[in-house]
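See below for the structure under consideration.
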């Protein structure tokens, strides 16, 4: 029987490992709890209504359909039994000869998990739809409110975290407020929205060159985003966020708070550590050997966001798609080389560059020694992100929507959807209350018509 | 101050009424509890993963953005105060001079509302995503099960209701089982799925010509759908549906039961009847005058699915988009004519035809005296449904996906998504239980490889 390779996680690392094993004399089982591969770098576009979820996600079965030696299992891994070489699922067991754990990362609220409901993060399609719902609902609620304080509360958007996701979210929010929704409301002017990007460190995009951080700050400020650096979040409430600034503490009323400040490795890192005796770092990542294996377990590999690989620079490699892709391919190759009795070289990461968009048609990019900004960087960003889309149809759909959005300044998917039926709220509020409580009632004639011509 | 026209509902009726009033000397307020207009005729394609929700839905604000005399309110109407000419929302009051109620219809379980959770219907985007989730999850669950009875249960899909929506759902399910998912599974063959269409009447598509019903039955059966006519549903359970057939009662094990059997007018019909003394029919529709107004209330109109208009043929007009569109335009025109002191003719419906698709590249259509079937009817169906898309970008996205799906037999949006986080189920099931309960465990080596070459 050919060697059984079990891969946990259908993100960049797991999927590229599986595909790289296409012609190897092995059987591949890819396990994921979701049925799709998600193109994470564009998830912020789904959260801001520029793309539909299906444009950036593809079923894993379809991606591996033509690979004869691969199968997909939809399942939830809960533990590892390395003595018996088994992965324990919530409803079964899968045996392996070689195991590749690529379970990725989730949100990190740094011990304040109670903030999660108030300030959602952006990791899954459900997260993106929830953020989209909150952003659009905020403008609608502001339109329905006559109290100026409440309008201000609804029109204040706070993005916590100045990494690429935070920068991209803040830029997209500015575009929505100033371009997309222009002239769509009567009582409010969407351009009155405040968009505040909060970064605890001294500069946004801290892993980029300083000149690019400065340029990104400048671009965001020209879009109307307030960029606060050196500011930490000390509390998140239902209708406000408390900040610790160099000048002291301040509480900012806001109904839409988004969290992009930290990632935490999947809990499977700790589960694997418990099973193998491996060490995890503070972020929950498994510290791996130079060949991406777990110390003392040469048949168990950890790759991508879940791995702490510090052998190259002394620092762990960043949790980006490129690292996961290269590690996935590397581990697949290594398995084949070991089978063939060939020598294996340690993993080496080749940094192909980093880039982030800033609103409409602006970006910053580092590619080797190059530092690019502006429209040209944005063009490169767009080409690279289209190239890495695995599904050809999605590539086409994304391209068309980008061109359309660029030309019309519209966004394709500005829907407020929810599994909760709005009817439920109506029955909970008898109309009698509303009529007697007439002090707070809204009348059409009360509303100042401010629609610009 | 110009006349205040308040429209409730942004479906076909309400939206076409609002747009028709673009150049009239009135102020239009369109109230909906959702922020988007939904192109209902293609909703089954979102439920079966052929299109994304945003491809068939457009924000009402965008659709009315360029109409200076129109505004959109996101709100939930709970009652009417016709004496004071006010619409009561869950959080406010809106005054009107003329009122157009176009609140549409929901699902009708004919007194068995407890079936709703077991057999979802198809009215909203959330419904479509829930149905999509159930269909795809059923194939995944069948793949993970080794008990042949359970596999059969998961692979039995029952569509209740033989109207256009039921026919289109059954055809799309057959296409998914026999084409889209082919070769994507290892333990099951998706083509083993049973798709059963249950119709209580003597024939499916009962409002169409008999020859078209026969042709649709024939087309469905060639796709592998079992068409049961003269069969009523007497119970819906968690894992089965009980049918009353001419031969007696029978219980059919199935994990995926879809309900397209009946529609029920919005509860706002009864609320309006209570406020105006109007009559409602058994389906909750308001019986209207020849000019679509409520008897005794010439300033209150009811249109679309919520109206029972029987003045033309003696039978109420059907709840289809064409009727709503024509009634919306008619009422708008009439309001303008009345302002100008002109005489108003009663509403007359011009039947432009009916059509339904049956799986891939087949359709039946009635257009005046013409009875069309097959590929040609499907082409007409596609052109008509693209033409009626209000948003140009959506028209383009739908067209591209149809061409792509036609050429590749893929579907764009086969995602299992849910607001519930899958992680929650994992923590609820401690791994210890799973290991001891090894009798039901699934092992990779147990699974017969049936992937065809």
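Residue numbers (the numbering used here), protein chains in the order written: chain E, 1 to 453; chain G, 1001 to 1453.
C-beta: ideal position from N, C-alpha, C; glycine also.
All values derive from a computational prediction rather than experimental measurement.
Examine chain G for any beta-carbon lying closer than 9 Å to the beta-carbon of residue 57 of chain E, and answer yes or no. Yes, residue 57 of chain E lies at the interface with chain G (some Cβ there is under 9 Å from its Cβ).
Quick one: list the residues of chain E neighbouring residue 1413 of chain G, beta-carbon separation under 7 Å, in chain order. 54
Is it buried or exposed, residue 445 of chain E, if we count other Cβ atoms within 10 angstroms and call 16 or more buried? Note that residue 445 of chain E has pLDDT 34, beneath the 50 cutoff, so the model's placement of it is unreliable and the number below is only indicative. So residue 445 of chain E counts as exposed.
Pair within 9 Å by beta-carbon distance, residue 199 of chain E and residue 161 of chain E: yes
Taking DSSP as the reference, what is the three-state secondary structure of residue 95 of chain E? strand
Residue 1121 of chain G CB to nearest chain E CB: under 9 Å? no
Partners in chain E for residue 1144 of chain G, counting only beta-carbon separations shorter than 8 Å: 73, 74, 75, 91, 92
Kindly list, in the order they appear in chain E, the residues whose Cβ is closer than 9 Å to that of residue 1305 of chain G. Ordered by position in chain E, no residue passes the 9 Å Cβ test against residue 1305 of chain G, which lies about 16 Å from the chain.
Could you tell me whether the Cβ atoms of residue 1061 of chain G and residue 181 of chain E are closer together than 9 Å? Pairing residue 1061 of chain G with residue 181 of chain E gives a Cβ-Cβ distance under 9 Å.
Check whether the Cβ atoms of residue 173 of chain E and residue 401 of chain E lie closer than 9 Å to each other. no
Use the C-beta contact count for residue 1350 of chain G: other C-beta atoms within 10 angstroms, 16 or more gives buried, fewer gives exposed. exposed
Check residue 17 of chain E in the structure and name its three-state DSSP category. helix
Is the beta carbon of residue 1254 of chain G closer than 9 Å to that of residue 1126 of chain G? It is not a contact, given that the beta carbons lie outside the stated cut-off.
May I ask you to list, following chain order, the residues of the segment 166-184 of chain E that have a beta carbon less than 7 Å from some beta carbon of chain G? 183, 184
Could you tell me if residue 1192 of chain G is buried or exposed, where buried requires 16 or more neighbouring beta carbons within 10 angstroms of its beta carbon? exposed
Determine the burial state of residue 211 of chain E: buried for a count of at least 16 other Cβ atoms within 10 Å of its Cβ, exposed for fewer. exposed
By a C-beta neighbour count over all protein chains shown, 10 Å radius and 16 as the cutoff for buried, is residue 387 of chain E buried or exposed? Result: exposed.
On the three-state DSSP scale, how would you describe residue 371 of chain E? strand
Kindly indicate which three-state DSSP category residue 1257 of chain G falls into: helix, strand or coil? strand
Residue 1360 of chain G versus residue 49 of chain E: straight-line alpha-carbon distance, rounded: 30 Å
Within the 9 Å Cβ cut-off, does residue 1402 of chain G reach chain E? no
Where does residue 1288 of chain G fall in DSSP's three states? coil
Grab the span of the alpha helix (DSSP H) containing residue 126 of chain E for me, first residue to last. 125-144
Give, in chain order, every residue of the segment 182-209 of chain E whose Cβ lies closer than 8 Å to some Cβ of chain G. Listed in sequence order: 183, 184, 185, 186.
Identify whether residue 409 of chain E lies in helix, strand or coil by the three-state DSSP scheme. coil
CB contact flag (residue 371 of chain E, residue 209 of chain E, <9 Å): yes
Quick one: Cα of residue 411 of chain E to Cα of residue 1374 of chain G, how far? 36 Å
Of all the options E/2, E/227, E/13, which has the alpha carbon lying nearest to the alpha carbon of residue 358 of chain E? Checked all of E/2, E/227, E/13; the closest Cα to residue 358 of chain E is E/227.
Proximity below 9 Å, CB of residue 1305 of chain G to CB of residue 1285 of chain G: yes
Assess contact between the segment 1249-1266 of chain G and the segment 1132-1143 of chain G, defined as three or more Cβ pairs (one per stretch) separated by less than 8 Å. Is contact present? yes
Taking residue 65 of chain E as the query, report the chain G residues whose CB atoms sit under 7 Å from its CB, ordered along the chain. Neighbours of residue 65 of chain E in chain G, taken as residues at a C-beta separation under 7 Å, are given in chain order as 1183, 1184.
Using a Cβ-Cβ cutoff of 9 Å, what residues of the segment 1004-1019 of chain G are near chain E? List them in chain order. 1004, 1006
Would a C-beta distance cut-off of 9 Å place residue 355 of chain E and residue 335 of chain E closer than the cut-off? In this structure, residue 355 of chain E lies away from residue 335 of chain E, with their beta-carbon atoms at least 9 Å apart.
Touching or not, the segment 108-121 of chain E and the segment 14-23 of chain E, by the rule of three or more beta carbon pairs under 8 Å? Under the three-pair Cβ rule at 8 Å, the segment 108-121 of chain E does not count as touching the segment 14-23 of chain E.
Going by DSSP, what residue range makes up the alpha helix (DSSP H) through residue 312 of chain E? Unbroken run through residue 312 of chain E: none, as it is neither H nor E.
Closer than 9 Å, Cβ to Cβ, to anything on chain G: give me those residues from the segment 350-381 of chain E, in chain order. none
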